[in-house]
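With the first letter of the sequence shown counted as 1, position 103 gets the number 386 in the working numbering; the numbers rise by one all the way through. For each residue, glycine too, the CB sits at the ideal point set by N, CA and C.
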Amino acid sequence: MLFSTATRTVLRSVGSVPRSTFAFSSPFNNNSSTLRRLLSSLAILEQRDGKLNHGSLSAITAAKKLGGSIHGFVAGSNIKPVAEEAAKVEGVEKIIAVDNAAYDKGLPENFAPLLVENIKKGGYTHIIAGHTAFGKSLLPRVAALLDSQQISDITAIENENTFVRPIYAGNAIATVESSDLVKVITIRGTAFPAAEAQGGSATIEDGVDPNVEISVEWVSEDLAKSDRPDLATAGKVVSGGRGLKSKEDFDRIMLPLADALGAAVGASRAAVDSGYADNSLQVGQTGKVVAPQLYLAVGISGAIQHLAGMKDSKVIAAINKDAEAPIFQVADVGLVGDLFEKVPELTEKLKSS
Ligand SMILES: Cc1cc2nc3c(=O)[nH]c(=O)nc-3n(C[C@H](O)[C@H](O)[C@H](O)COP(=O)(O)OP(=O)(O)OC[C@H]3O[C@@H](n4cnc5c(N)ncnc54)[C@H](O)[C@@H]3O)c2cc1C
């Protein structure tokens, strides 16, 4: 929760927490000076191995909601093709590009000072990045260097100073008003669809490169590779829980179901902690937040921390042997039964349909 001289927070509770409202006003609100400046946003775009991450185009959608001019920012080695791809995104006026291999891995230690130099040069009023691992580790440092207060994981924009964000695992909604001169914001990807990758014709400009020396070094990474759809952006997700009993059964039951549906695979934290699934597949408060067209929960009880990551799914279906399981309170479609019997049956029906 944000308590500072620069913010005003209004909380609205939802779900099981009793409904109540609190307001914290600041005697130091400084909106007039903010309004005097022209609104301009810098959207931080992510890239990996010279490929633009299209999920990060959500930052441009959020910037469009704010209005004003929109620039995009990319950095890394051989950045030209990425900058050219980003320049085609609809609604962007300019891409600021910094070509330097030092930024390839997105280390916040040198990326934050790089960004700050470019923010100061551009005089932006809003800095926007996805609430991804990259955005979450980068923007707090940027905010600190700018003496601003970060506004995290927003799901809506009310106006240029006022933003909406879920707190307490989605059980309360905070409306946060900021009077910082530069708003530093991360956005929830499921609340802002990626901007159209085509239709724009932005100019490309070299950014400033302070090339700051850092005391950390990139050593290695261990990437989970899969041919299935990406969990964070998939239209259909099938998630398995502790009810699957073992990794062998998780793979035997869940993977054919995912393939029959063309779905991404997710898991509860209990399934991840028990070693049934990789932790990149965890859905929930401390995992990924997803909002697919269809979310099918198999052998998942529906703990509040799990719901925090999937309750905005368009259709929620659940298979559980316990008719009293809390997942059925949020499910649109429920099947009470033994997953070891029902899921293979469903998979066979899907394959033959
Ligand atoms: C700070 C914090 C953060 C957390 N973050 C997350 C998070 O990000 N994501 C997350 O998922 N959890 C998170 N948790 C954990 C969460 O509280 C639950 O413990 C967890 O979600 C339970 O996982 P589960 O539903 O798979 O297991 P259980 O709660 O054990 O449920 C298993 C379900 O399987 C059903 N089942 C068993 N056998 C069968 C069968 N043969 N056929 C059909 N159904 C069957 C049971 O009826 C039961 O409902 C967090 C907890 C804390 C404290």
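Q | Own chain residues within Cβ distance below 8 Å of Leu-544, not counting five before or after | A | Lys-519, Val-521, Leu-577, Leu-579 and Leu-633
Notebook entry, point to check: Looking at the structure shown, is Arg-525 part of a helix, part of a strand, or coil, going by DSSP?
Noted result: DSSP places Arg-525 in helix when its eight states are reduced to three.
Buried versus exposed, by CB contacts within 10 Å (16 or more), Gln-432:
buried
Query raised in the report: Out of Ile-327, Met-593 and Val-572, which has the shortest C-alpha to C-alpha gap to Val-375?
Result: Val-375 has its Cα closest to that of Ile-327, out of Ile-327, Met-593 and Val-572.
Range covered by the alpha helix (DSSP H) that runs through Ala-369 | Segment 363-370, the alpha helix (DSSP H) holding Ala-369.
Residue range of the unbroken beta strand (DSSP E) whose run includes Thr-630 = That residue, Thr-630, is in no beta strand (DSSP E); its alpha helix (DSSP H) goes 622-635.
Worksheet item: Closer than 7 Å: is that where the CB of Ile-602 sits relative to any heavy atom of ligand 1?
Response: It does: the Cβ of Ile-602 is within 7 Å (strictly closer) of some heavy atom of ligand 1.
- Based on the DSSP output, what are the partners of Leu-577 in its beta bridges? Beta-bridge partners of Leu-577 (DSSP): Lys-519 and Val-598.
Residues near ligand 1, criterion Cβ-heavy atom distance below 5 Å: Gly-524, Arg-525, Gly-526, Ser-551, Arg-552, Ala-553, Gly-567, Gln-568, Thr-569, Gly-570, Gly-582, Ile-583, Ser-584, Ala-586, Gln-588, His-589, Asn-603, Lys-604, Asp-605, Ala-608, Asp-621 and Leu-622
Local conformation of Val-555 per DSSP, three classes: The DSSP-derived three-state label of Val-555 is helix.
Alpha carbons only, please: which of Ala-586, Ile-353 and Val-365 is nearest the one belonging to Arg-331? Val-365
Item to complete: To the nearest angstrom, report how far apart Gly-549 and Leu-564 are at their CA atoms.
Response: So the two alpha carbons sit approximately 5 Å from each other.
Give me the Cα-Cα distance between His-414 and Ala-380, rounded to the nearest whole angstrom.
21 Å
| query | Nearest to Lys-466 by alpha carbon, out of Asp-532, His-409 and Leu-429? | reply | Selected option, being the one with the closest Cα: His-409.
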